[in-house]
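Written out below as C-alpha cells is the structure these notes cover.
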Amino acid sequence: GGDDGNMDVVRMIREKERTRDHPAIKPVKRYHLEVPLNAPQETLDAIRKRTIFNPIFMRSIGPAARQALNRKLTNRSYPYEDKYGPRMVYPKRRGAQHRARALMLRLNDEEKAAARASGRAVVPQKIPDLRSGDVIRLRLRNPNNSAVDLWFTGMVIARRNSGMGSTFVVRNAVDGVAVERQFPLYSPVIKDVELLQRNKQRLRKLLFLRRRGVERSNFGDPLARPRDAYPTSKKTKS
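So the mapping is simple: our numbering equals the position in the sequence shown, first residue as 1, plus 17.
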C-alpha cells in the first residue's frame, strides 16, 4: 500500500529511561524520527501530510521531535530553495547604519579637516582643548549689519563631541537672568574666540549651575566688546 509504505519510512524509536533518584517516578519516553531526505519528493510529501498536518501525531511525539520534524520537512524559502534537503547558509547581514559607520566617520574627518583648512573652524584652531569651566569671549557675525559684529562672553558649561555636529553651551547672566547659548563647534558664524580664564572642574558638564543662584552665573557683561575691537582713528587738527 502507498500510505502504509510511506509511513514505514518514518521510524519512531521509543527509548525508556528510568530515573535513578526515585523508583516511583514514571519512565520518560523519547521519540527519535529518522526522515530519509534522499527519498522521492512524492514520498516526502506523503510523509509531511501524515505527520506535520496531523495534530494528533504531532502532539504525541513531543516538542523536541516536533521541532526536528519541522526543520526537515518545512522550508519557508520554498520555491526559492529546495523544498527538502539541506538549507542554505546565508552570511549574516548587518544593518545599513552599522555597515556605513566607517564611511560616515571618514566623511566626518574630511569635513573637519576642510573646515580647519578654510578657516571656518575658529574654535578648534584657537582652543582645541575647549572644556567646561573655560570663560571665553566669542565674536559673531551680525546677520543684519556685516560691518558691526556681535559679542558674547560666558562660561562653557557643556560640550558635546559628535563630529561636525559638535556643540558647546555658554552661560552668563543678562539683566539679572541666566542665559545659555548653544554654538556649533565648527560654525562659520564665529569669527573669533578668546580664552579669558581657565577654571579646572572635576565635572564634564556644569549643569548644576541651573539650580544655583544667578550670581554663580555672572561673568561680566556678556554683550560687551573689548576696547580694541574697532579701533577708531584720531582726527588730526589742520
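We put the beta carbon where it would ideally sit given N, CA and C, even for glycine.
Which residue marks the beginning of the beta strand (DSSP E) containing residue i, and which one marks its end?
i           : result
residue 208 : 207 to 215
residue 83  : Segment 80 to 90 is the alpha helix (DSSP H) holding residue 83; no beta strand (DSSP E) there.
Sort out for me which residues DSSP pairs residue i with in a bridge.
i           : result
residue 197 : 188
residue 237 : Its beta-bridge partners do not exist; DSSP assigns none.
residue 177 : 184
residue 231 : Looking at the DSSP assignment, residue 231 forms no beta bridge with any residue, so it has no partner.
residue 172 : 152, 188
residue 226 : Its beta-bridge partners do not exist; DSSP assigns none.
Classify residue i as helix, strand or coil using the three-state DSSP reduction.
i           : result
residue 43  : With a pLDDT of 46 at residue 43, under the threshold of 50, the predicted position of this residue should be treated as unreliable, and no value is reported.
residue 68  : helix
residue 166 : coil
residue 144 : coil
residue 202 : coil
residue 61  : helix
residue 220 : coil
residue 242 : coil
residue 112 : coil
Residue i and residue j: beta carbons closer than 9 Å?
i           : j           : result
residue 239 : residue 169 : yes
residue 185 : residue 202 : yes
residue 150 : residue 216 : yes
residue 153 : residue 210 : yes
residue 188 : residue 223 : yes
residue 148 : residue 207 : no
residue 94  : residue 83  : no
residue 101 : residue 86  : no
residue 205 : residue 158 : yes
residue 143 : residue 181 : no
residue 176 : residue 116 : no
residue 219 : residue 226 : no
How is the alpha helix (DSSP H) around residue i delimited, first residue to last?
i           : result
residue 122 : 118 to 135
Is any non-hydrogen atom of the ligand COA found closer than 8 Å to the C-beta of residue i, if you look at the structure I gave you?
i           : result
residue 104 : In terms of ligand content, the structure shown is empty, and the ligand COA therefore cannot be addressed.
**Asked** Using 8 Å as the Cβ pair cut-off and three pairs as the minimum, do the stretch 139 to 150 and the stretch 159 to 168 touch?
**Response** Under the Cβ criterion (8 Å, minimum of three pairs), the stretch 139 to 150 does not count as touching the stretch 159 to 168.
**Prompt:** Is the stretch 119 to 129 touching the stretch 187 to 195 in the sense that three or more CB pairs, one from each, lie closer than 8 Å?
**Reply:** Flag = no, the stretch 187 to 195 and the stretch 119 to 129 do not touch.
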